[in-house]
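Chemist: In order, the protein sequence lines correspond to chains A and B.
Each position in the first sequence, counted from 1, maps to that position plus 42 in the numbering used here.
Each position in the second sequence, counted from 1, maps to that position plus 34 in the numbering used here.
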Amino acid sequence: AQSVTQLDSQVPVFEEAPVELRCNYSSSVSVYLFWYVQYPNQGLQLLLKYLSGSTLVKGINGFEAEFNKSQTSFHLRKPSVHISDTAEYFCAVPEAAGNKLTFGGGTRVLVKP
Amino acid sequence: EAQVTQNPRYLITVTGKKLTVTCSQNMNHEYMSWYRQDPGLGLRQIYYSMNVEVTDKGDVPEGYKVSRKEKRNFPLILESPSPNQTSLYFCASSWAGSTDTQYFGPGTRLTVL
Chain A
43 AQSVTQLDSQ VPVFEEAPVE LRCNYSSSVS VYLFWYVQYP NQGLQLLLKY LSGSTLVKGI
103 NGFEAEFNKS QTSFHLRKPS VHISDTAEYF CAVPEAAGNK LTFGGGTRVL VKP
Chain B
35 EAQVTQNPRY LITVTGKKLT VTCSQNMNHE YMSWYRQDPG LGLRQIYYSM NVEVTDKGDV
95 PEGYKVSRKE KRNFPLILES PSPNQTSLYF CASSWAGSTD TQYFGPGTRL TVL
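1) Can you look up Ser58 (chain B) in the DSSP assignment and give me helix, strand or coil?
2) Opposite Tyr44 (chain B) in the DSSP bridges: which residues?
3) Tell me which same chain residues have a C-beta within less than 7 Å of the C-beta of Val153 (chain A), skipping the five on either side of it?
4) With a threshold of 8 Å between beta carbons, is Gln52 (chain A) in contact with chain B?
5) Going by DSSP, name the residue or residues bridged to Lys52 (chain B).
6) Excluding the 5 residues flanking Thr145 (chain B) on each side, which residues of the same chain have their C-beta closer than 6 Å to its C-beta?
7) Mapping DSSP to helix, strand and coil, what is Gly147 (chain A)?
8) Quick one: which chain B residues come within Cβ less than 7 Å of Phe132 (chain A)?
9) At the level of alpha carbons, what is the spacing between Leu63 (chain A) and Glu113 (chain B)?
10) Which residue marks the beginning of the beta strand (DSSP E) containing Leu75 (chain A), and which one marks its end?
11) Between Ser151 (chain B) and chain A, is any beta-carbon pair separated by less than 8 Å?
12) Take Pro95 (chain B) and list the residues in its own chain whose beta-carbon comes closer than 7 Å to its own, dropping the five residues that flank it on each side.
13) Since I believe Phe109 (chain A) is in contact with Thr97 (chain A) (beta carbons under 8 Å), could you give me their beta-carbon distance rounded to a whole number of angstroms?
14) So which residues on chain B does Tyr74 (chain A) lean against when the C-beta distance must stay under 7 Å?
15) For Gln87 (chain A), name the three-state secondary structure that DSSP assigns.
16) Consult DSSP for Glu117 (chain B) and reduce its assignment to one of helix, strand or coil.
17) At what residues does the beta strand (DSSP E) containing Thr89 (chain B) begin and finish?
18) Using the three-state DSSP reduction, which class does Ser126 (chain A) fall into: helix, strand or coil?
19) As a quick exercise: from B:Gly74, B:Lys105, B:Ser67, pick the residue whose alpha carbon is nearest that of Tyr98 (chain B).
20) Alpha carbon to alpha carbon, how far is Pro155 (chain A) from Ser116 (chain B)? Give it in angstroms, no decimals.
21) If you run the structure through DSSP and keep just helix, strand and coil, what is Gly104 (chain A)?
22) Measure the alpha-carbon distance for Met61 (chain B) versus Val79 (chain A) and round it to whole angstroms.
23) Mind pulling the chain A residues with CB within less than 8 Å of Ser67 (chain B)?
24) Between the segment 105–117 of chain B and chain A, which residues of the former have a C-beta closer than 7 Å to a C-beta of the latter?
See the structure below:
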């Protein structure tokens with residue numbers, strides 16, 4: 043069975059500091075990879091996605107992620123966070139055969155002034 | 035405006051009283067799905083549908099039913115709700131299945147007493 047692991051449930055970070063959110067997936071899943079963001083009391087929206095090509099993917103709001111096939115990872119980074127980046131972030135991976143979609147447990151980012 | 039709508043947004047009910055949460059999208063998407071979000075568990079897929087009259091189980095289908103009689107609508111039915119179904123529920127849709135960007139509704143917070 044496929045699995046998606048987000049290693050940190052919470053990440054406190056100061057404003058203007060860098061942040062990295064880790065995501066590892068099982069090798070049985072497809073190589074389509076997504077990061078979604080959920081701002082407080084809202085639904086999820088797409089942050090960025092990897093479909094193929096360059097392993098470094100740029101998304102909205104200055105976020106980027108790197109696909110590493112050998113380490114089965116898709117870590118999300120931002121070099122300088124803002125208060126408005128306070129949210130929960132989810133890594134998601136579709137299964138290799140079929141149409142299920144598996145999410146990680148989420149990482150809650152709290153940006154402090 | 036392209037959107038996914040859910041109703042109701044909040045619902046408090048009692049054990050065993052049948053309920054339906056509606057989901058509608060206006061983007062002519064083929065794929066629709068339901069998730070529940072619980073703290074520390076991320077989003078878990080309940081059911082998904084590839085098209086009208088085509089539905090399949092996700093990872094946590096027990097206690098839920100769905101139907102897809104029209105392309106735009108994908109209601110979630112709890113025929114005999116129990117307290118362990120207290121959760122935040124999201125509907126999502128996409129053009130081309132689980133490998134495509136998902137568009138999420140605003141969520142339905144359900145409490146079963």
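Glycine included, C-beta positions come from ideal geometry on N, C-alpha and C.
Modeler: On the basis of the coordinates in this document:
1) strand
2) B:Arg143
3) Val55, Glu57, Val123, His124, Ile125, Asp127, Thr128
4) no
5) In DSSP, Lys52 (chain B) forms no bridge with anything.
6) Ile46, Thr120
7) Here Gly147 (chain A) sits in coil by DSSP.
8) Gly76, Leu77
9) In this model, Leu63 (chain A) and Glu113 (chain B) are separated by some 39 Å (Cα to Cα).
10) 75–80
11) This structure leaves residue 151 (chain B) out entirely; chain B is present only between 35 and 147.
12) Ile80, Tyr81
13) 4 Å
14) Thr133
15) Annotated three-state conformation of Gln87 (chain A) is strand, per DSSP.
16) The amino acid at residue 117 (chain B) is misidentified as Glu; the sequence shows Pro. Note: Pro117 (chain B) maps to helix in three-state DSSP.
17) 88–91
18) helix
19) Nearest option by C-alpha distance: B:Ser67.
20) Distance from the CA atom of Ser116 (chain B) to the CA atom of Pro155 (chain A), rounded to whole angstroms, is 42 Å.
21) helix
22) 21 Å
23) Leu143
24) none
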